[in-house]
Amino acid sequence: MNRSFFARNPSVLVFIAVLALFTLAVTVTSEAVGSGALSTSFIKTLGKTLCLCLVAIAMDLIWGFAGILSLGHMAFFGLGGYMIGMWLMYARTEMIVTASMANAEIPPTDQEIVDAIGTQIFGVVGSSDFPPIWAFADSLTLQLAMVVLVPGLLALVFGWLAFRSRVTGVYLSILTQAMTLALALYLFQNDSGLRGNNGLSGLQNLPGADAIPQADISLWFFWASALALALGYLLAAWITSGKFGSVIRGIRDDEARVRFLGYSVEGYKLFVFTLTAVIAAIAGALYYPQAGIINPAEIAPIASIYLAVWVAIGGRGRLYGAVIGAAFVSLLSTWFTSGQAPSIPLGFYTIDWVDWWQVLLGISFVLVTLFAPKGIGGLVDIFTGRIPPKRHGADLGPDSGSLQEQEAEQ
Amino acid sequence: MSTLLEVSGVSVSFDGFKAINNLSFSIGNSELRAIIGPNGAGKTTFMDIVTGKTRPDEGSVRWGELSHSLLKMNESQIARAGIGRKFQRPTVFEDQSVYDNLAMALKKDRAPWSVLFFRPYPEDKARIEGLAEEIGLSEQLHRKSGELSHGQKQWLEIGMLLAQEPRLLLVDEPAAGMTLAEREHTTDLLKEAAKTRAVVVVEHDMEFVRRLECKVTVLHEGSVLAEGSLDHVTKNQDVIDVYLGR
Ligand SMILES: Nc1ncnc2c1ncn2[C@@H]1O[C@H](COP(=O)(O)OP(=O)(O)O)[C@@H](O)[C@H]1O
Ligand SMILES: [Mg+2]
Numbered sequence: 001m002n003r004s005f006f007a008r009n010p011s012v013l014v015f016i017a018v019l020a021l022f023t024l025a026v027t028v029t030s031e032a033v034g035s036g037a038l039s040t041s042f043i044k045t046l047g048k049t050l051c052l053c054l055v056a057i058a059m060d061l062i063w064g065f066a067g068i069l070s071l072g073h074m075a076f077f078g079l080g081g082y083m084i085g086m087w088l089m090y091a092r093t094e095m096i097v098t099a100s101m102a103n104a105e106i107p108p109t110d111q112e113i114v115d116a117i118g119t120q121i122f123g124v125v126g127s128s129d130f131p132p133i134w135a136f137a138d139s140l141t142l143q144l145a146m147v148v149l150v151p152g153l154l155a156l157v158f159g160w161l162a163f164r165s166r167v168t169g170v171y172l173s174i175l176t177q178a179m180t181l182a183l184a185l186y187l188f189q190n191d192s193g194l195r196g197n198n199g200l201s202g203l204q205n206l207p208g209a210d211a212i213p214q215a216d217i218s219l220w221f222f223w224a225s226a227l228a229l230a231l232g233y234l235l236a237a238w239i240t241s242g243k244f245g246s247v248i249r250g251i252r253d254d255e256a257r258v259r260f261l262g263y264s265v266e267g268y269k270l271f272v273f274t275l276t277a278v279i280a281a282i283a284g285a286l287y288y289p290q291a292g293i294i295n296p297a298e299i300a301p302i303a304s305i306y307l308a309v310w311v312a313i314g315g316r317g318r319l320y321g322a323v324i325g326a327a328f329v330s331l332l333s334t335w336f337t338s339g340q341a342p343s344i345p346l347g348f349y350t351i352d353w354v355d356w357w358q359v360l361l362g363i364s365f366v367l368v369t370l371f372a373p374k375g376i377g378g379l380v381d382i383f384t385g386r387i388p389p390k391r392h393g394a395d396l397g398p399d400s401g402s403l404q405e406q407e408a409e410q
Numbered sequence: 411m412s413t414l415l416e417v418s419g420v421s422v423s424f425d426g427f428k429a430i431n432n433l434s435f436s437i438g439n440s441e442l443r444a445i446i447g448p449n450g451a452g453k454t455t456f457m458d459i460v461t462g463k464t465r466p467d468e469g470s471v472r473w474g475e476l477s478h479s480l481l482k483m484n485e486s487q488i489a490r491a492g493i494g495r496k497f498q499r500p501t502v503f504e505d506q507s508v509y510d511n512l513a514m515a516l517k518k519d520r521a522p523w524s525v526l527f528f529r530p531y532p533e534d535k536a537r538i539e540g541l542a543e544e545i546g547l548s549e550q551l552h553r554k555s556g557e558l559s560h561g562q563k564q565w566l567e568i569g570m571l572l573a574q575e576p577r578l579l580l581v582d583e584p585a586a587g588m589t590l591a592e593r594e595h596t597t598d599l600l601k602e603a604a605k606t607r608a609v610v611v612v613e614h615d616m617e618f619v620r621r622l623e624c625k626v627t628v629l630h631e632g633s634v635l636a637e638g639s640l641d642h643v644t645k646n647q648d649v650i651d652v653y654l655g656r
């Protein structure tokens, strides 16, 4: 039992190795430093996919391990994106404004600069004043702290209210949907302070990096996303492999029993809920600079449902399953919805995948849930030989002559 | 002998049906007690009240030397105060190994933060192996507990209770579905445990109760019908009428 963490969890080493190889392969085929076989926009897609894998790990922790089907984690992902987006927009607008005002005869005061930035950013919603939530937007350090603090605090307060009153199961799922819906509706308003349905844009342009080609920047973000995914995976594997993992899986399987063992189930749920919200927020903060734009539609309830679908298809309760599901389904989804998938002419009707992809996804989800509850990750069991025991009809007791299973069921 | 648990005048009703009716019960340190009674007498409900799962409508439940009220505490606080419980159906974490089940039950700090950084010391491992030995599961230590037989799961649950090192152990029908030899092993485990702590055993089977050789409380329709040695209560006419006579 005294073997090292990696010896006990060989899948972690395999995962890190595969991720490293993948990162290397992408690097040597990138436009920035390699052969250029992969376009910059495709590298962005891959980088974004890695972020989605990271949020899927968070989802797997909360759902696959702790058994809490949260259908609101994309709200934290989106909030993380908004928080970093505020700095990106502010800092870049500030540079443009200072540059254009530099030629004025009277040097502008600080207040004039801030006002000009405000007009630039909030012109689209007919305002020019900075709402209080932008108070820290001029500081990268503070705004990075907000990436963690804002979603973390929201999760802490929401989770405390929900878990304290012992809301569980489908009621909790509905409550989390309500949370993400309420947040999206709030952000859609023009006076929410985050530019309403315009959202934040131009996020792919790093302040002061206009001279650096997007090819380079996209590769940097790809590397950062790969690193974040590796660290997130390690953290999740470490958490779930120890006694803490035992307790949260116990909560998933029989929370009343865990309570009678003396563990405060509510405290554990709150801990996992908040931690996963923070992981989701970090993933979002890496995703949206690659996407270039964030708007409230990203936080719509359906986004969190997709997240659950990815994890279910990949196989919940095992971390690599979540990663496989998120990568596989989201890349496939990009392929189908971007019109690259060939349409199927049936003579009387043409199946156009842009429209039919969601139907296909829905059917796959139902089929996986019904017939392969372990998901794609379950295929690994075929090789490692982890087969659940079938005891039907066996003696129940350690000694022969005990009740048989069928008898005891009566 | 000082009282460890004092339940007095407790009543609880479900939709107007009085499952527990003005029940009083007390048990001292290191005492073994059997509770018998027909189905629906309220035995499991009594355990639910003591462990905080069900709130009584009236009455008081007091615990320990300082007579703290258990009614103000939740399930996990009561468990940490030193009351362990075994359920009627064996409830172990089937997806986890016998070792992990015992490790989770081991008496340690239960706050999330310290559990996160917990790594077992050699003495913790030795303790788990010792417990496994006691409940006859040494060979199965690294098997998933879902693969165990029904009787082995019952023992594992008793082992988890012992690992908690509670001062009071509540055991609901431990011998259900066991062979004679397994029952004897279970009796030994319980009698051994009662040397250092209080143990309350709910049981249907008279032979099993006889082997426990302890004071017996007969429950009927939510209140105590008789109390005393097994021979004493089996001679009681009320008891014969409602329970033994059937
Ligand atoms: N949660 C509940 N809701 C309604 N009725 C209950 C509940 N729990 C127990 N009862 C009723 O209370 C009575 C006592 O049940 P119980 O304590 O389980 O009896 P037993 O002595 O067989 O363990 C039974 O009639 C049962 O139907
Ligand atoms: Mg019962």
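Protein chains in written order, with this note's numbering: chain A, 1 to 410; chain B, 411 to 656.
For glycine and all other residues, C-beta sits at the position ideal for the given N, C-alpha and C.
In this text the structure is predicted, and so the values were computed from the model without any measurement.
Check, Outcome
"Nearest-residue set for ligand 2, Cβ under 7 Å from any heavy atom", "LYS453/B, THR454/B, GLN498/B, ASP582/B, GLU583/B, VAL612/B"
"8 Å contact criterion, which VAL626/B and VAL610/B should meet: CB distance rounded", "Rounded, the Cβ-Cβ distance is 11 Å, inconsistent with contact."
"For GLU409/A, the three-state DSSP class (helix, strand or coil)", "With a pLDDT of only 45 at GLU409/A, under the threshold of 50, the placement of this residue in the model should not be trusted; the figure read from the coordinates follows. Helix."
"Local conformation of ALA91/A per DSSP, three classes", "helix"
"Under 9 Å from the C-beta of TYR349/A: neighbouring residues of chain B", "Simply none; closest approach about 46 Å."
"CA nearest to the CA of TRP565/B, picked from GLU544/B, PRO576/B, ARG553/B, ASP510/B", "GLU544/B"
"Those residues which DSSP pairs with TRP473/B across a bridge", "LEU415/B, HIS478/B"
"Backbone secondary structure at ASN431/B - three-state DSSP", "strand"
"Nearest-angstrom Cα separation, counted from PHE22/A out to PHE383/A", "23 Å"
"Stretch-stretch touch, CB-based, cutoff 8 Å, three pairs: the region 71 to 83 of chain A with the region 167 to 182 of chain A", "yes"
"Beta-carbon gap between CYS624/B and ARG443/B smaller than 8 Å", "yes"
"Presumed contact (8 Å Cβ cut-off) between ASN190/A and GLY199/A, rounded CB distance", "12 Å between Cβ atoms; not a contact."
"Classification of SER218/A by the beta-carbon crowding that lies within 10 angstroms, buried from 16 upward", "buried"
"Under 9 Å by beta carbon: chain A residues contacting PRO522/B", "PHE244, VAL247, TYR263, SER264, GLY267, TYR268, LEU270, PHE271, VAL272"
"Strand pairing of VAL148/A, partner residues [DSSP]", "Note: VAL148/A sits in no beta bridge, so no partner."
"Close-in-space but distant-in-sequence residues of the same chain around SER330/A (CB under 6 Å, 5 per side omitted)", "THR49, LEU52"
"Interface residues of the region 218 to 242 of chain A facing chain B [CB-CB below 8 Å]", "ILE239, GLY242"
"Interface residues of chain B facing GLY250/A [CB-CB closer than 7 Å]", "PHE503, MET514"
"Among ALA37/A, ALA291/A, VAL258/A, the one whose alpha carbon lies nearest that of ASN484/B", "VAL258/A"
"GLY450/B beta carbon near ligand 1 (any heavy atom closer than 7 Å)", "yes"
"Test item: CB-CB of MET396/B and LYS243/A under 8 Å", "Since the first residue shown for chain B is 411 and the last is 656, residue 396/B is missing from the structure and cannot be characterised."
"Rounded straight-line distance, which links the Cα of ILE62/A to that of GLY193/A", "31 Å"
"Test: PHE359/B CB closer than 8 Å to a CB of chain A", "Given a span of 411 to 656 for chain B in the structure shown, any question on residue 359/B remains unanswerable."
"Option in MET616/B, GLY492/B, ASP648/B, GLU631/B with minimal Cα separation from LEU640/B", "MET616/B"
"heavy atom of ligand 1 below 7 Å from GLY250/A C-beta", "no"
"Contacts around GLY47/A, its chain only, beta-carbon distance under 7 Å, and the 5 residues preceding and following it disregarded", "SER218, PHE221, PHE222, SER225, GLN290"
"6 Å CB neighbourhood of MET1/A in its chain, flanking five on each side removed", "Because the pLDDT of MET1/A is 44, which lies under 50, any placement of that residue in the model is unreliable, and the question is left without a value."
"Whole-angstrom distance between VAL422/B and ARG620/B, CA atom to CA atom", "30 Å"
"First and last residue of the uninterrupted beta strand (DSSP E) at GLY494/B", "493 to 496"
"For LEU231/A and ALA603/B, the rounded distance between their alpha carbons", "46 Å"
"Chain B within 8 Å of PHE6/A, Cβ atoms only", "no"
"Limits of the alpha helix (DSSP H) - the one that GLY561/B falls within", "560 to 573"
"Listed by chain order, chain B residues near PHE260/A by CB distance under 7 Å", "THR461, GLU485, ALA489, ARG495"
"Touching by the beta-carbon criterion (3+ pairs, under 8 Å), the region 94 to 102 of chain A and the region 160 to 173 of chain A", "no"
"Selection from LEU516/B, MET457/B, GLY426/B that minimises the alpha carbon distance to LEU629/B", "MET457/B"
"Residues from the region 642 to 654 of chain B in contact with chain A, defined by Cβ distance under 7 Å", "none"
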